[in-house]
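Residue numbers (my numbering): 22 to 388.
Where is the CB? At the ideal position from N, CA and C, for every residue including glycine.
Owing to the predicted nature of the structure, the values given are computational and were not obtained by experimental measurement.
Working notes, beginning with the structure itself.
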Ligand SMILES: [Fe+2]
């Protein structure tokens with residue numbers, strides 16, 4: 022029988038207009054001097070200024086950091102730590118997509134406990150308490166808003182590191198569909214498909230439990246029922262709300278059950294070729310489902326009668342590339358990529374034992 026512990030570390034404030042409650046939520050959490058971590062696009066969209074305004078009305082001072090990229094790495098987190106070190110901040114706001122929220126978490130580790138991001142791989146509480154954080158996602162994909170892990174690339178090796186601690190979970194997350202409704206279609210395509218993969222992968226892992234099943238099943242229902250609808254009608258508030266909640270629940274499922282071979286094979290595509298995470302996921306997911314079928318087939322049938330076809334349909338609706346060849350990956354590199362994939366931590370939770378030979382077989386199917 023599975024043994025598990027369920028801890029809800031994060032409060033959720035959901036609904037159109039919930040972003041407007043940011044100041045009050047922050048005040049209730051005791052925020053006085055807040056580091057706002059948000060990427061350039063979010064600043065340009067005016068959301069950072071709105072957040073600063075909402076915090077200022079409650080007498081909270083803000084300091085903005087946005088010098089990081091789409092896949093934040095350990096060097097960028099260190100730049101953030103250097104920026105924040107003299108400011109005597111007592112709290113952090115992560116505002117934006119996965120990169121903003123992961124970067125906020127990473128800065129929190131370094132600022133409160135020193136060292137480098139490599140020191141925080143895995144899941145362990147560091148000696149000193151971390152700063153309280155609020156998360157406000159503006160995309161409907163990552164799920165990091167529901168997790169106590171920061172996904173940060175090693176600046177030297179480009180390997181993605183999952184750095185976890187209970188203090189890295191947001192105290193409160195504001196899920197406002199009005200904010201996410203403005204995400205560009207290309208962002209929805211990639212991040213939405215990533216969220217779908219989170220539901221599918223977390224539903225079958227070797228580490229799954231009753232709670233993750235519950236989250237993953239509902240996440241799949243919401244995401245698969247709204248993804249194409251939102252792609253067809255950009256900005257639709259009901260579909261955005263379903264995607265946003267689905268992405269959150271899929272993230273909560275991962276917190277319990279981790280991920281599998283899709284993320285293990287997708288991550289090297291991002292590290293070596295810069296393929297955006299969700300686009301790399303779309304190249305791999307249906308092939309991993311097919312490869313896992315001998316051990317997880319009945320589980321997949323619980324989600325959809327012909328899951329691979331359904332996943333392919335959704336990827337095509339989103340205009341995502343369907344083969345490694347099309348994505349410009351040279352066939353001669355598949356062996357090297359398989360070696361990279363076999364070292365990915367997430368692969369060890371795949372329901373079917375996953376190694377270099379397995380990765381090569383999957384890449385060949387995806388080519
Ligand atoms: Fe992902």
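Own chain, CB closer than 8 Å to residue 244, minus 5 neighbours either side, in chain order:
213, 216, 217, 220, 263, 264, 267, 268, 271
Collapsed DSSP secondary structure at residue 152 in the structure displayed:
coil
Quick one: measure Cβ to Cβ for residue 301 and residue 287, integer angstroms, because I've assumed they're closer than 8 Å.
4 Å
Locate the alpha helix (DSSP H) running through residue 305, then write down its first and last residues.
298–324
Going by Cα to Cα distance, which pick from 349, 346, 348, 383 is closest to residue 360?
383
Could you give the DSSP three-state label for residue 113: helix, strand or coil?
strand
DSSP-derived helix/strand/coil call for residue 181
strand
With a threshold of 6 Å, establish whether the CB of residue 215 neighbours any heavy atom of ligand 1.
yes
Run the CB neighbour count on residue 258, radius 10 Å, all protein chains shown included, and call it buried at 16 or more, exposed below.
exposed
Using 8 Å as the Cβ pair cut-off and three pairs as the minimum, do the region 231–239 and the region 173–190 touch?
no
Sort 293, 112, 304 by Cα distance to residue 150 and report the nearest one.
112
Starting from residue 123, trace the beta strand (DSSP E) both ways and give me its first and last residue.
Here residue 123 belongs to no beta strand (DSSP E); instead the alpha helix (DSSP H) covers 119–134.
Quick check: the region 38–50 against the region 244–254, are there 3 or more CB pairs under 8 Å?
no
Spatial neighbours of residue 232 in its chain, beta-carbon cut-off 6 Å, leaving aside the 5 residues before and after
27, 277
Residues bridged to residue 217 [DSSP beta-bridge criterion]:
None; residue 217 has no bridge partner.
What is the rounded straight-line gap between the Cα of residue 229 and the Cα of residue 77?
43 Å
In whole angstroms, what separates the C-alpha of residue 146 from that of residue 171?
13 Å
Relative to the alpha-carbon of residue 345, which residue among 318, 87, 381 has its alpha-carbon at the smallest distance?
381
Kindly confirm or deny that the region 347–362 and the region 323–335 touch, where touching means at least three C-beta pairs closer than 8 Å.
no
Between the CA atoms of residue 148 and residue 159 - distance to the nearest angstrom:
32 Å
By Cβ distance, which residues of its chain are closer than 6 Å to residue 129, with the 5 residues on each side in sequence left out?
113, 151, 152
Using three-state DSSP, classify residue 143 as helix, strand or coil.
strand
Pairs of beta-carbons, one from the region 365–381 and one from the region 292–306, closer than 8 Å: are there three or more?
no
Please determine if the region 172–181 and the region 115–132 are in contact, where contact requires at least 3 C-beta pairs separated by less than 8 Å.
yes
In three-state terms, what does DSSP make of residue 343?
coil
Can you give the beta carbon distance from residue 340 to residue 210, rounded, assuming they're within the 8 Å contact cut?
6 Å
Alpha-carbon spacing of residue 292 relative to residue 180, whole angstroms:
7 Å
Backbone secondary structure at residue 172 - three-state DSSP
strand
Roughly how far, in whole angstroms, is the beta-carbon of residue 222 from the beta-carbon of residue 283, given that I think they are within contact range, below 8 Å?
5 Å
Is residue 112 close to chain D? Criterion is C-beta to C-beta, closer than 7 Å.
Here there is only one protein chain, and chain D is not present.
Measuring alpha carbon to alpha carbon, tell me which residue in 141, 61, 102 is nearest residue 116.
61
Please determine, among 367, 102, 34, the residue with the shortest C-alpha to C-alpha distance to residue 166.
34
Here's a check: name, in chain order, each residue in its chain whose Cβ is nearer than 6 Å to the Cβ of residue 75, leaving out the five neighbours to either side.
43, 44
Closest by C-alpha distance to residue 395, when choosing among 280, 104, 53, 100:
Since the displayed the chain opens at 22 and closes at 388, residue 395 lies outside it and no answer follows.
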